[in-house]
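Residue 492 in UniProt numbering is what sits at position 492 of the sequence shown, and the numbering runs on without skipping anything. In this text, a Cβ means the ideal position worked out from N, Cα and C, and glycines have one as well. See structure below.
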Amino acid sequence: MRVASTDKFNNIIESSDLVSRDLSWLKFNERVLDQSKKDRRSIFEKLKFLAITASNLDEFFMIRVGSLYNYLDYEKERVDYSGLREEPFKMKLMLECQHFHKRQQEHFLKNLLPNMSESGFILSNVKNLDADERDYIKSYFMKAVYPMLTPMVFDGYRTFPILMNKLLIFGVVTLAPGDKKENRKLSFVQIPANIPRFFEVEREDMVVYIPIEEVIRENIVSLFRNVNIESINLFRITRNGDFTLEESEDMDANFLEEVKRKLNERKTGRVVRIEIEEGYSKWMINLLKERWNIQDDSIFKVERSSMLDFTGLWQVIGNRRFKDKLPQMPSPVPPISYPQEGTEDIFHVLKNRDILLHHPYNNIDPILDLIEKAADDPTVMAIKMTIYRLAKDSRITKALLRAAENGKHVSVLFEVKARFDEENNIREAKKLQKAGCFVIYGISNLKTHTKLMLIVKKDDNFVTRFVHLGSGNYNEDTSRLYTDIGLLTTNEVLANDVSEFFNVITGHSMPTVYQNLITAPRDMRNQLIEFIEQEAENARNGLPAGIFIKVNSLEDSEIIYALYRASQSGVPVKLIIRGICCLRPGRVGLSENIEVISLVGDFLEHSRIYHFHNNGNTRTYAGSADMMVRSFDKRLESLFRIEDNLLEKQLMNILAFNLRDNVNAYRMLEDGSYVLKLPQADEEEFNVHKAFFDVTTDQVMDVRLI
């Protein structure tokens, strides 16, 4: 019955002109998992990509599956892009999640676990250690672990304990001596998050990693004295972490309290997934299923020889003993637009020319230098910034604090709704507020995702505005891992636009027009559709046309159908979409002129670039916005136009190199699946994640997209 239903669902899905957002995301995670299977990667890189897929899947269940349950639990209607309603879509989605989970587990057991010893480490259990090592672990357990553990029994006298999201948990079924089976009890032992995931045994030529659950399992009898243990069951739950914030009139008090309250709710949200070791107690799992109103398709079984929660593998990857076995990133190179990097004062440089940064190939230092010098420069009058995510020990926060102490006006919009960074952002924002900075905790029910900075400097009665606009966060850590675009400029047109935008954020201003800035939620979708329709009109009139776009995600249906119409008019459309893509390329009569590729490799592709040929009068933008409903309607976003010839050529070259890649690129097929893009017979390998470290000015100036 289930098979027949699934076939029917597949027919509905395939007939839709749009690809399901959630099913498309699962395809993206498959491409990440594929990186863990590459022969050219070391075992440590393979473990890294496996850990990333696990972390991705955790967030997917918390947010996307959590959102689906918000509809199911409250009987609200929802029709997915696939054409399926809530229940059948959940059935299809969980089936795909189960398939992905199985592929993760098989890869770990067959390809990774057996090959670890070749690289100087193994995962093992306590039974495989020698007597001295077992005594060492026993001592560690009694001194460091045992005091941290709290068995929590559930019976007629005690309420069901609150089990925490994403922790490893033992469910222990016990029976008092002489009691009948119907009197058995269930106790829970949560493994605290601050205990290392593995106990490390150092040998001369090997590191032995003992999962913490094996250490506890070996000694769990010490928590249950004078009772019979019927079964020991290791499991892990994922809770709904999707929440929305209601607009609050008192933004400084009620709004922050609402964020904190929602964060606490995330800890106790409804359970949307159970991962559990095979051999579990059926009595226990039935109790949990009834308690949490969860079906079999949301229960993910793990073989005893495998492990729960692959995110724990970061401890192995991060061991300093193996540091030289991880690939070393080349040193960042100077931006093409800044050949004298390090020889001139950054303020002086920007008065003479703009700088386009392409991270991580160019490092983030020019931005950090600009902020730090502005904090100490007596001629700097004001600093204004939007902040979405920061590094843990952020140089930016320190510079802003110093600027405030030096008497400068500092305005900061701290987006406290940045998912999973809410608590850190609240903490950092309060530091700045106490130092005298003007801090805004987000804009009502919108999420501020735009990345903008404005520095006002007065020299000899002449005021210069230094502006940074970017696609990535002001985060020193991720700037080494994410590909992003940043523009540093004193261009008066952009400076005026950014000043106007900050007036919208910090005050009550509604400018009628921006010259080189496109903003959301006001007019970004309409403006992009207008550009797309102009290309279609040019193609119909026999004029050169072309659309080249690089973003993280494409989901907005209005944009998708505008691209379909452009394709039908004969416009070649080249899309570089790293993650979610709800557009179907290559469908006869609909999207035959659209090509979609996705790049997944050493760096996380995060830059957003929009290029429209416009009959030779090109329009090229970069910025913070993907083509998502949330980007256009629920976020403050910005795209900035690049008019300088060299800088525009740089963005075009980024697009051209991405389209040329045949190492990290996957081509999307009409059915929503992806195939690896391999070098043709007459082609050499071209890897953008290496090529950009060697790009030359001549290559940039010679770039052609059409």
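Rounded to the nearest angstrom, what separates residue i and residue j at their Cα positions?
i: residue 394; j: residue 668; result: 38 Å
i: residue 113; j: residue 580; result: 31 Å
i: residue 248; j: residue 377; result: In this predicted model, residue 248 has a pLDDT of only 36, less than 50, meaning its place in the structure is not dependable; the value taken from the coordinates is given anyway. Roughly 38 Å separates the two Cα atoms.
i: residue 684; j: residue 550; result: 23 Å
i: residue 651; j: residue 607; result: 10 Å
i: residue 522; j: residue 490; result: 25 Å
i: residue 70; j: residue 62; result: 11 Å
i: residue 237; j: residue 219; result: 23 Å
i: residue 42; j: residue 33; result: 14 Å
i: residue 242; j: residue 518; result: 29 Å
i: residue 423; j: residue 372; result: 25 Å
i: residue 406; j: residue 494; result: 27 Å
i: residue 167; j: residue 192; result: 7 Å
i: residue 694; j: residue 362; result: 11 Å
i: residue 674; j: residue 27; result: 8 Å
i: residue 649; j: residue 204; result: 54 Å
i: residue 476; j: residue 368; result: 9 Å
i: residue 452; j: residue 498; result: 8 Å
i: residue 411; j: residue 387; result: 11 Å
i: residue 149; j: residue 37; result: 37 Å
i: residue 116; j: residue 213; result: 20 Å
i: residue 392; j: residue 656; result: 35 Å
i: residue 270; j: residue 640; result: 41 Å
i: residue 472; j: residue 88; result: 37 Å
i: residue 733; j: residue 692; result: Summary: the structure shown does not reach residue 733, with the chain confined to residues 1 through 706, and so no result is reported for it.
i: residue 79; j: residue 9; result: 13 Å
i: residue 273; j: residue 136; result: 36 Å
i: residue 621; j: residue 195; result: 47 Å
Tell me the DSSP bridge mates of residue i?
i: residue 202; result: 207
i: residue 275; result: 236 and 300
i: residue 190; result: 169
i: residue 637; result: 520
i: residue 453; result: 385 and 468
i: residue 122; result: 208
i: residue 621; result: 610 and 641
i: residue 462; result: 459
i: residue 185; result: 174
Whose C-beta lies closer than 8 Å to the C-beta of residue i among residues of the same chain, with five residues either side of it excluded?
i: residue 397; result: 390, 428, 431 and 432
i: residue 520; result: 625, 631, 632, 633, 635, 636, 637 and 638
i: residue 567; result: 573, 590, 591, 592, 593 and 594
i: residue 252; result: Caution applies to residue 252, whose pLDDT of 47 falls short of 50 and renders its modelled position unreliable; the model cannot decide the point.
i: residue 140; result: 199 and 215
i: residue 533; result: 562, 565 and 566
i: residue 603; result: 360, 481, 482, 483 and 689
i: residue 23; result: 13, 82, 92, 93, 96 and 672
Less than 7 Å between C-beta atoms, sequence neighbours within five positions excluded: which residues of the same chain meet that for residue i?
i: residue 305; result: 109
i: residue 353; result: 337
i: residue 222; result: 146
i: residue 571; result: 535, 536, 539, 545, 546, 547 and 593
i: residue 325; result: 42, 44 and 119
According to DSSP, is residue i part of a helix, a strand, or is it coil?
i: residue 642; result: coil
i: residue 659; result: helix
i: residue 151; result: strand
i: residue 71; result: helix
i: residue 16; result: coil
i: residue 58; result: helix
i: residue 681; result: coil
i: residue 213; result: helix
i: residue 358; result: strand
i: residue 230; result: strand
i: residue 668; result: strand
i: residue 710; result: Lying outside 1 to 706, the shown extent of the chain, residue 710 is not represented and no answer is given.
i: residue 654; result: helix
i: residue 329; result: coil
i: residue 346; result: helix
Between which residues of its own chain and residue i is the CB-CB distance below 6 Å, once the five residues before and five after are set aside?
i: residue 45; result: none
i: residue 435; result: 401 and 404
i: residue 16; result: 82 and 83
i: residue 51; result: 310, 311, 313 and 314
i: residue 381; result: 456 and 458
i: residue 713; result: Nothing about residue 713 can be read from this structure; the chain reaches only from 1 to 706.
i: residue 605; result: 483, 578 and 599
Runs of alpha helix (DSSP H) wholly within the stretch 379-435 (minimum 4 residues, chain order): Within the stretch 379-435, the complete alpha helix (DSSP H) runs of at least 4 residues are 395-405 and 422-434.
Secondary structure, beta strand (DSSP E): runs of 3+ residues fully inside the stretch 528-612: Runs found: 547-551, 573-577, 594-599 and 608-612.
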